[in-house]
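Engineer:
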Amino acid sequence: EASSSSEPILTINDKPIHLVEDWEHGIGGGLWTTGLAIAKYLGTPHGMEQLSTKRRVLELGSGNGFLGVCLLVANPNLEQVVITDTKEHLPLIEKTLQRNGIESDGNSDASSSKVLVEEYLWGPTTPETSTTIKDNSFDLIIGSDLAYRNELHDPLIASILAASNADTVTLLGVTMRDTRPIFFQKLIAAGLKYERLADHLLENLYRGKRFGVYVIWRDDESSQ
Numbered sequence: 001e002a003s004s005s006s007e008p009i010l011t012i013n014d015k016p017i018h019l020v021e022d023w024e025h026g027i028g029g030g031l032w033t034t035g036l037a038i039a040k041y042l043g044t045p046h047g048m049e050q051l052s053t054k055r056r057v058l059e060l061g062s063g064n065g066f067l068g069v070c071l072l073v074a075n076p077n078l079e080q081v082v083i084t085d086t087k088e089h090l091p092l093i094e095k096t097l098q099r100n101g102i103e104s105d106g107n108s109d110a111s112s113s114k115v116l117v118e119e120y121l122w123g124p125t126t127p128e129t130s131t132t133i134k135d136n137s138f139d140l141i142i143g144s145d146l147a148y149r150n151e152l153h154d155p156l157i158a159s160i161l162a163a164s165n166a167d168t169v170t171l172l173g174v175t176m177r178d179t180r181p182i183f184f185q186k187l188i189a190a191g192l193k194y195e196r197l198a199d200h201l202l203e204n205l206y207r208g209k210r211f212g213v214y215v216i217w218r219d220d221e222s223s224q
């Protein structure tokens, strides 16, 4: 059964942000450490400055919608945030949005909708893939603890490529003990570059070797 935090998890732009958890949905039903690390980074001056230039954002493997809320609060001027996961997680995402006073347009394909909640299975785009995912016009792709199993690496990287263009930045939170070096090798092989956010940009708790927040982008030079 879903439970909402009585106290806010954190505050961004003076707005308290609440989380709705439901572990019956699986591991995506709760908030993991790297998700909170990214959320708190988004509320820092550096995070908000970086986000201020973004207009369309895609969240992969949202689980509970918490990062989507943080994005919308950190930059109220975002034109569109598309929050995705498997079908069973979508009701929980909607509950977290509602708990924070945010209305979505469900799984509508309307390009004018500011907040979309959609089912999305990672991998290469197909004719059935939502047009909001495969139009390559996202400025930012974001996700937390998505590469924790080796079999997830290829479909995740395929989705990053499918939804990105030369100017897209992906922000990925990683628990280092779960994400093997082969994932980063596959990023390079797929024509992507990556860089770990410097420790001083994160709270003390998230610094060091246990966790990492990585910036990923297309390596145009290797694809030419």
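With our numbering, letter number 121 in the sequence shown gets 121, and the count goes up by one each step, no holes.
Built from N, CA and C at the ideal position, the CB exists for glycine as well.
With a CB to CB cut of under 6 Å and the five nearest residues on each side skipped, what residues in its chain are close to Gly-47?
Structural biologist: In the sequence shown, the residue the question calls residue 47 occupies position 47. So the qualifying residues of the chain are Tyr-41.
Engineer: Go through its chain and collect everything with a Cβ distance to Asp-139's Cβ below 8 Å, but skip five positions before and after it.
Structural biologist: Taking the first residue of the sequence shown as position 1, residue 139 is located at position 139. Excluding positions up to five away in sequence, the list reads Thr-53, Lys-54, Arg-55, Arg-56, Val-57, Asp-167, Thr-168, Val-169.
Engineer: Indicate whether Arg-196 and Gly-212 have their beta-carbon atoms separated by less than 8 Å.
Structural biologist: By one-based count along the sequence shown, residue 196 stands at place 196. By one-based count along the sequence shown, residue 212 stands at place 212. Cβ atoms of Arg-196 and Gly-212: closer than 8 Å.
Engineer: I need the straight-line Cα distance from Pro-155 to Gly-35, nearest angstrom please.
Structural biologist: For the purposes of this step, residue 155 is taken as the residue at position 155 of the sequence shown. For the purposes of this step, residue 35 is taken as the residue at position 35 of the sequence shown. The alpha-carbon atoms of Pro-155 and Gly-35 are separated by roughly 20 Å.
Engineer: Spatial neighbours of Ser-113 within its chain, please: CB distance less than 6 Å, with the 5 preceding and 5 following residues excluded, ordered by chain position.
Structural biologist: Taking the first residue of the sequence shown as 1, we reach residue 113 at position 113. Asp-105, listed in sequence order.
Engineer: Tell me, which residues are paired with Phe-211 by DSSP?
Structural biologist: To locate residue 211, count along the sequence shown from 1; it is residue 211. According to DSSP, Phe-211 bridges with Thr-175.
Engineer: In terms of residue numbering, what span does the beta strand (DSSP E) encompassing Ser-62 cover?
Structural biologist: One-based indexing of the sequence shown puts residue 62 at position 62. No beta strand (DSSP E) contains Ser-62, which DSSP labels as neither H nor E.
Engineer: Apart from the five residues just before and just after Arg-180, which ones in its own chain have a Cβ nearer than 8 Å to its Cβ?
Structural biologist: Position 180 of the sequence shown, counted from the start, is the residue given in the question as residue 180. Taken in chain order, the residues that qualify are Asn-150.
Engineer: How should His-89 be labelled, buried or exposed, when 16 other C-beta atoms within 10 angstroms of its C-beta is the threshold for buried?
Structural biologist: Here residue 89 is taken as the residue at index 89 of the sequence shown, counted from 1. His-89 is buried by the Cβ-count criterion.
Engineer: Name the DSSP beta bridge partners of Gln-80, please?
Structural biologist: Numbered from its first residue, the sequence shown carries residue 80 at position 80. BP columns for Gln-80 point to Arg-56.
Engineer: Taking the beta carbon of Ile-182 as the centre, do at least 16 other beta carbons fall within 10 Å, making it buried, or is it exposed?
Structural biologist: Here residue 182 refers to the residue found at position 182 of the sequence shown. Ile-182 should be labelled exposed.
Engineer: Closer than 6 Å by C-beta to Glu-203: which residues in its own chain qualify, once you throw out the five before and the five after it? Chain order, please.
Structural biologist: Along the sequence shown, one-based indexing puts residue 203 at 203. Closer than 6 Å at Cβ, skipping near neighbours: Lys-40.
Engineer: Use the C-beta contact count for Asn-75: other C-beta atoms within 10 angstroms, 16 or more gives buried, fewer gives exposed.
Structural biologist: Within the sequence shown, the letter at position 75 stands for residue 75. Buried.
Engineer: Could you name the residues that DSSP lists as bridge partners for Glu-119?
Structural biologist: By one-based count along the sequence shown, residue 119 stands at place 119. Answer by DSSP bridge pairing, in chain order: Asp-85.
Engineer: Smallest Cα separation from Val-73: which of Leu-10, Ala-147, Ile-157, Ser-137?
Structural biologist: As a first step, residue 73 is located in the sequence shown; it is residue number 73 there, counting from the start. Answer by Cα proximity: Leu-10.
Engineer: Check each candidate in Thr-44, Ile-93, Lys-87, Glu-24 and name the one with the smallest Cα separation from Leu-201.
Structural biologist: Position 201 of the sequence shown, counted from the first residue, corresponds to residue 201. Taking only the C-alpha atoms, the option nearest Leu-201 is Thr-44.
Engineer: Rounded to whole angstroms, what's the CA-CA distance from Val-20 to Lys-95? Just pull it up for me.
Structural biologist: Against the sequence shown, residue 20 aligns to sequence position 20. Against the sequence shown, residue 95 aligns to sequence position 95. Taking the straight line joining both Cα atoms gives about 7 Å.
Engineer: With the cut-off set at 8 Å, would you say Asn-136 and Leu-92 are in Cβ contact?
Structural biologist: Your numbering for residue 136 matches position 136 in the sequence shown. Your numbering for residue 92 matches position 92 in the sequence shown. No, they are not a contact pair.
Engineer: Quick check on Glu-59: buried or exposed, where buried means 16 or more other Cβ atoms within 10 Å of its Cβ?
Structural biologist: Here residue 59 is taken as the residue at index 59 of the sequence shown, counted from 1. Its Cβ being crowded by 16 or more others within 10 Å, Glu-59 is buried.
Engineer: Cβ of Lys-193 less than 8 Å from any chain B Cβ?
Structural biologist: Chain labels in this structure do not include chain B; a single protein chain is all it has.
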